Amino acid sequence: MVYKIIDPFIQTLIRLKVTPNAITTVGLLINLAAAVVLIIGAEKGARGDHSYVGYAGLIILFAGLFDMIDGQLARKGNMASKFGALYDSVLDRYSEMIMFLGICYYLVSHHYFLSSLFAFIAMIGSVMVSYTRARAEGLGVNASVGLMQRPERIVLIGMSAIACGLFSKWVGADVKITVEWLPFPLFETITLFTFPLAVLAVLANLTALRRLFHSRKLLMETERKG
-5 MVYKIIDPFI
5 QTLIRLKVTP
15 NAITTVGLLI
25 NLAAAVVLII
35 GAEKGARGDH
45 SYVGYAGLII
55 LFAGLFDMID
65 GQLARKGNMA
75 SKFGALYDSV
85 LDRYSEMIMF
95 LGICYYLVSH
105 HYFLSSLFAF
115 IAMIGSVMVS
125 YTRARAEGLG
135 VNASVGLMQR
145 PERIVLIGMS
155 AIACGLFSKW
165 VGADVKITVE
175 WLPFPLFETI
185 TLFTFPLAVL
195 AVLANLTALR
205 RLFHSRKLLM
215 ETERKG
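In this note's numbering, the protein residues as written are -5 to 220.
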(Lines of atoms letter the chains of each structure in order from A and count residues from 1; the text may use other names and numbers.)
(Lines give C-alpha, C1' and ligand atoms only; values in the text may rest on other atoms or scores of the structure.)
Protein backbone atom coordinates (compact mmCIF):
# COMPACT_ATOMS: atom_id res chain seq x y z
CA MET A 1 0.00 0.00 0.00
CA VAL A 2 2.76 2.45 0.98
CA TYR A 3 4.75 1.61 -2.13
CA LYS A 4 1.71 2.40 -4.32
CA ILE A 5 1.39 5.78 -2.64
CA ILE A 6 5.03 6.73 -3.17
CA ASP A 7 5.27 5.26 -6.68
CA PRO A 8 4.38 8.57 -8.46
CA PHE A 9 7.14 10.25 -6.46
CA ILE A 10 9.55 7.47 -7.47
CA GLN A 11 8.68 7.98 -11.13
CA THR A 12 9.28 11.72 -10.79
CA LEU A 13 12.70 11.08 -9.25
CA ILE A 14 13.56 8.73 -12.13
CA ARG A 15 12.63 11.40 -14.68
CA LEU A 16 14.73 13.95 -12.80
CA LYS A 17 17.66 11.48 -12.80
CA VAL A 18 17.96 11.58 -9.01
CA THR A 19 20.19 8.74 -7.81
CA PRO A 20 19.39 6.33 -4.95
CA ASN A 21 22.64 7.37 -3.24
CA ALA A 22 21.44 10.98 -3.18
CA ILE A 23 18.19 9.90 -1.50
CA THR A 24 20.16 7.82 1.03
CA THR A 25 22.30 10.86 1.83
CA VAL A 26 19.21 13.03 2.34
CA GLY A 27 17.85 10.41 4.75
CA LEU A 28 21.06 10.63 6.78
CA LEU A 29 20.80 14.43 6.95
CA ILE A 30 17.16 14.24 8.09
CA ASN A 31 18.11 11.84 10.89
CA LEU A 32 20.86 14.26 11.83
CA ALA A 33 18.18 16.96 12.05
CA ALA A 34 16.17 14.73 14.43
CA ALA A 35 19.23 14.34 16.65
CA VAL A 36 19.79 18.11 16.61
CA VAL A 37 16.17 18.69 17.71
CA LEU A 38 16.70 16.32 20.64
CA ILE A 39 19.97 18.02 21.58
CA ILE A 40 18.27 21.42 21.50
CA GLY A 41 15.52 19.95 23.68
CA ALA A 42 18.18 18.70 26.07
CA GLU A 43 19.92 22.06 26.27
CA LYS A 44 17.02 24.52 26.12
CA GLY A 45 13.87 22.58 26.97
CA ALA A 46 12.60 22.02 30.49
CA ARG A 47 12.51 18.49 31.89
CA GLY A 48 8.75 18.37 31.46
CA ASP A 49 8.77 19.82 27.95
CA HIS A 50 8.33 16.81 25.66
CA SER A 51 7.49 18.77 22.54
CA TYR A 52 11.03 18.25 21.26
CA VAL A 53 10.54 14.48 21.55
CA GLY A 54 7.35 14.72 19.48
CA TYR A 55 8.99 16.84 16.79
CA ALA A 56 11.94 14.47 16.65
CA GLY A 57 9.53 11.55 16.19
CA LEU A 58 7.95 13.23 13.18
CA ILE A 59 11.37 13.83 11.65
CA ILE A 60 12.46 10.23 12.32
CA LEU A 61 9.39 8.85 10.53
CA PHE A 62 9.95 11.26 7.64
CA ALA A 63 13.55 10.06 7.37
CA GLY A 64 12.24 6.49 7.33
CA LEU A 65 10.36 7.24 4.10
CA PHE A 66 13.66 7.97 2.39
CA ASP A 67 14.90 4.56 3.52
CA MET A 68 12.05 3.02 1.50
CA ILE A 69 12.41 5.38 -1.42
CA ASP A 70 16.09 4.73 -2.15
CA GLY A 71 15.59 0.99 -2.55
CA GLN A 72 12.51 1.40 -4.73
CA LEU A 73 14.28 4.03 -6.82
CA ALA A 74 17.23 1.70 -7.37
CA ARG A 75 14.99 -1.16 -8.48
CA LYS A 76 12.48 0.72 -10.61
CA GLY A 77 15.07 3.02 -12.15
CA ASN A 78 17.48 0.18 -12.93
CA MET A 79 20.13 1.94 -10.84
CA ALA A 80 20.94 -0.89 -8.45
CA SER A 81 24.64 -1.49 -7.88
CA LYS A 82 26.85 -3.30 -5.39
CA PHE A 83 28.37 -0.04 -4.21
CA GLY A 84 24.88 1.44 -3.85
CA ALA A 85 23.89 -1.46 -1.61
CA LEU A 86 27.02 -0.96 0.49
CA TYR A 87 26.50 2.81 0.63
CA ASP A 88 22.89 2.32 1.74
CA SER A 89 23.89 -0.12 4.49
CA VAL A 90 26.69 2.08 5.82
CA LEU A 91 24.61 5.27 5.87
CA ASP A 92 21.68 3.43 7.44
CA ARG A 93 23.96 2.47 10.33
CA TYR A 94 25.22 6.04 10.67
CA SER A 95 21.63 7.34 10.56
CA GLU A 96 20.50 4.98 13.29
CA MET A 97 23.48 5.65 15.54
CA ILE A 98 23.07 9.42 15.16
CA MET A 99 19.39 9.06 16.06
CA PHE A 100 20.17 6.98 19.15
CA LEU A 101 22.91 9.35 20.26
CA GLY A 102 20.39 12.20 20.13
CA ILE A 103 17.92 10.15 22.19
CA CYS A 104 20.57 9.19 24.75
CA TYR A 105 21.80 12.78 25.05
CA TYR A 106 18.27 14.01 25.67
CA LEU A 107 17.51 11.38 28.31
CA VAL A 108 20.82 11.80 30.16
CA SER A 109 20.55 15.60 30.12
CA HIS A 110 17.09 15.45 31.72
CA HIS A 111 18.23 12.84 34.27
CA TYR A 112 16.23 9.90 32.93
CA PHE A 113 19.20 7.69 33.72
CA LEU A 114 17.48 4.28 33.72
CA SER A 115 15.76 5.09 30.43
CA SER A 116 19.05 6.27 28.93
CA LEU A 117 20.56 2.90 29.84
CA PHE A 118 17.82 1.12 27.90
CA ALA A 119 18.41 3.50 24.99
CA PHE A 120 22.11 2.55 24.95
CA ILE A 121 21.19 -1.15 25.08
CA ALA A 122 18.70 -0.62 22.24
CA MET A 123 21.45 1.04 20.22
CA ILE A 124 23.76 -1.93 20.80
CA GLY A 125 20.99 -4.37 19.84
CA SER A 126 20.21 -2.44 16.67
CA VAL A 127 23.85 -2.58 15.58
CA MET A 128 24.07 -6.29 16.32
CA VAL A 129 20.86 -7.11 14.44
CA SER A 130 22.38 -5.60 11.32
CA TYR A 131 25.86 -6.99 11.93
CA THR A 132 24.78 -10.60 12.47
CA ARG A 133 22.83 -10.54 9.22
CA ALA A 134 25.69 -8.96 7.27
CA ARG A 135 28.30 -11.34 8.72
CA ALA A 136 26.11 -14.37 8.10
CA GLU A 137 25.52 -13.34 4.50
CA GLY A 138 29.27 -12.91 4.13
CA LEU A 139 29.60 -16.56 5.16
CA GLY A 140 26.96 -17.60 2.63
CA VAL A 141 23.83 -18.02 4.77
CA ASN A 142 20.63 -15.99 5.09
CA ALA A 143 19.95 -14.66 8.59
CA SER A 144 16.95 -12.42 7.88
CA VAL A 145 14.90 -13.77 10.78
CA GLY A 146 13.44 -12.29 13.94
CA LEU A 147 11.64 -9.14 14.96
CA MET A 148 12.91 -5.59 15.20
CA GLN A 149 14.54 -5.16 11.84
CA ARG A 150 15.26 -1.56 10.83
CA PRO A 151 11.73 -0.60 9.60
CA GLU A 152 10.14 -1.90 12.81
CA ARG A 153 12.69 -0.05 14.94
CA ILE A 154 12.15 3.24 13.14
CA VAL A 155 8.34 3.00 13.29
CA LEU A 156 8.38 2.08 16.99
CA ILE A 157 10.70 4.93 17.96
CA GLY A 158 8.99 7.49 15.75
CA MET A 159 5.44 6.63 16.80
CA SER A 160 6.26 6.44 20.52
CA ALA A 161 8.03 9.81 20.35
CA ILE A 162 5.02 11.40 18.64
CA ALA A 163 2.66 9.82 21.19
CA CYS A 164 4.76 11.28 24.01
CA GLY A 165 4.70 14.74 22.47
CA LEU A 166 0.93 14.68 21.87
CA PHE A 167 0.16 13.32 25.34
CA SER A 168 2.33 16.03 26.87
CA LYS A 169 0.47 18.74 24.96
CA TRP A 170 -3.11 17.54 25.30
CA VAL A 171 -3.13 15.63 28.61
CA GLY A 172 -0.21 16.92 30.64
CA ALA A 173 3.56 17.03 30.76
CA ASP A 174 3.74 16.24 34.48
CA VAL A 175 1.39 13.25 34.69
CA LYS A 176 2.90 10.82 37.17
CA ILE A 177 1.74 7.59 38.81
CA THR A 178 3.80 6.27 41.72
CA VAL A 179 3.70 3.28 44.06
CA GLU A 180 5.44 3.15 47.42
CA TRP A 181 7.62 0.13 46.74
CA LEU A 182 9.07 1.42 43.46
CA PRO A 183 12.09 3.77 43.58
CA PHE A 184 10.91 5.39 40.33
CA PRO A 185 7.47 6.39 38.95
CA LEU A 186 5.34 3.57 37.61
CA PHE A 187 4.24 5.93 34.85
CA GLU A 188 5.03 9.46 33.77
CA THR A 189 4.55 11.25 30.47
CA ILE A 190 8.01 10.37 29.14
CA THR A 191 7.17 6.68 29.74
CA LEU A 192 5.20 6.73 26.48
CA PHE A 193 8.57 7.16 24.78
CA THR A 194 10.92 5.30 27.11
CA PHE A 195 8.91 2.11 27.66
CA PRO A 196 8.90 1.27 23.92
CA LEU A 197 12.66 1.96 23.99
CA ALA A 198 13.02 -0.64 26.75
CA VAL A 199 10.96 -3.11 24.71
CA LEU A 200 13.16 -2.37 21.72
CA ALA A 201 16.29 -2.93 23.80
CA VAL A 202 15.11 -6.42 24.74
CA LEU A 203 13.68 -7.47 21.37
CA ALA A 204 16.56 -6.14 19.28
CA ASN A 205 19.12 -8.08 21.28
CA LEU A 206 16.93 -11.20 21.23
CA THR A 207 16.71 -10.83 17.45
CA ALA A 208 20.50 -10.60 17.20
CA LEU A 209 20.85 -13.77 19.29
CA ARG A 210 18.20 -15.55 17.23
CA ARG A 211 20.08 -14.67 14.06
CA LEU A 212 23.30 -15.91 15.61
CA PHE A 213 21.88 -19.33 16.48
CA HIS A 214 19.94 -19.52 13.20
CA SER A 215 23.19 -18.90 11.34
CA ARG A 216 24.98 -21.48 13.47
CA LYS A 217 22.40 -24.09 12.46
CA LEU A 218 22.70 -23.27 8.75
CA LEU A 219 26.50 -23.15 8.83
CA MET A 220 26.70 -26.51 10.61
CA GLU A 221 24.37 -28.04 8.01
CA THR A 222 26.55 -26.62 5.24
CA GLU A 223 29.70 -28.04 6.83
CA ARG A 224 28.12 -31.48 7.24
CA LYS A 225 27.19 -31.53 3.57
CA GLY A 226 30.81 -30.91 2.77
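Ideal Cβ placement from N, Cα and C applies to all residues, glycine included.
All values derive from a computational prediction rather than experimental measurement.
- The three-state reading of DSSP puts phenylalanine 107 in helix, counting H, G and I together.
- Around the Cβ of leucine 80, a 10 Å sphere holds fewer than 16 other Cβ atoms; the residue is exposed.
- With a cutoff of 8 angstroms on beta-carbon distance, histidine 44 and isoleucine 184 are scored as near each other.
- Contact between glycine 51 and methionine 142 does not hold, since their C-beta atoms are separated by about 18 angstroms, which reaches or exceeds 8 angstroms.
- Serine 110 and valine 102 do touch by the CB rule: their CB atoms are close to 5 angstroms apart, below 8 angstroms.
- Counting of Cβ neighbours within 10 angstroms places arginine 205 among the buried residues, the total reaching 16 or more.
- In this structure, DSSP gives phenylalanine 112 a helical state, which the three-state scheme calls helix.
- Taking every protein chain shown into account, the CB of phenylalanine 187 has 16 or more other CB atoms within 10 angstroms, so this residue is buried.
- Here leucine 212 has Val135 as same chain residues with Cβ atoms under 6 angstroms from its own Cβ, once five neighbours each way along the sequence are excluded.
- Using a 10 angstroms sphere on the CB of asparagine 72, the tally of other CB atoms stays under 16, which defines it as exposed.
- Counting every other CB atom within 10 Å of its CB across the protein chains shown gives phenylalanine 181 a total below 16, marking it as exposed.
- In the displayed model, lysine 170 falls within a strand according to three-state DSSP.
- Per DSSP, the continuous alpha helix (DSSP H) segment holding alanine 68 begins and ends at 45 to 70.
- Arg147 is the residue among Trp175, Glu217, His208, Arg147 whose C-alpha sits nearest the C-alpha of leucine 194.
- Note on geometry: alpha-carbon atoms of tyrosine 88 and phenylalanine 94 lie some 10 angstroms from one another.
- Here valine 123 really is in contact with alanine 198; their C-beta atoms are around 6 angstroms apart, less than 8 angstroms.
- If you look at phenylalanine 189, you'll find it in the alpha helix (DSSP H) that goes 185 to 218.
- Judged by DSSP secondary structure, alanine 137 falls outside any alpha helix (DSSP H); it is assigned neither H nor E.
- Take the alpha-carbon of glycine 39 and the one of arginine 9: they are about 43 angstroms apart.
- In this structure, phenylalanine 60 lies away from valine 30, with their beta-carbon atoms at least 8 angstroms apart.
- By the Cβ-count criterion, isoleucine 4 is buried, with 16 or more other Cβ atoms from all chains shown falling within 10 Å of its own Cβ.
- Proline 14: member of the alpha helix (DSSP H) spanning 14 to 38, first to last residue.
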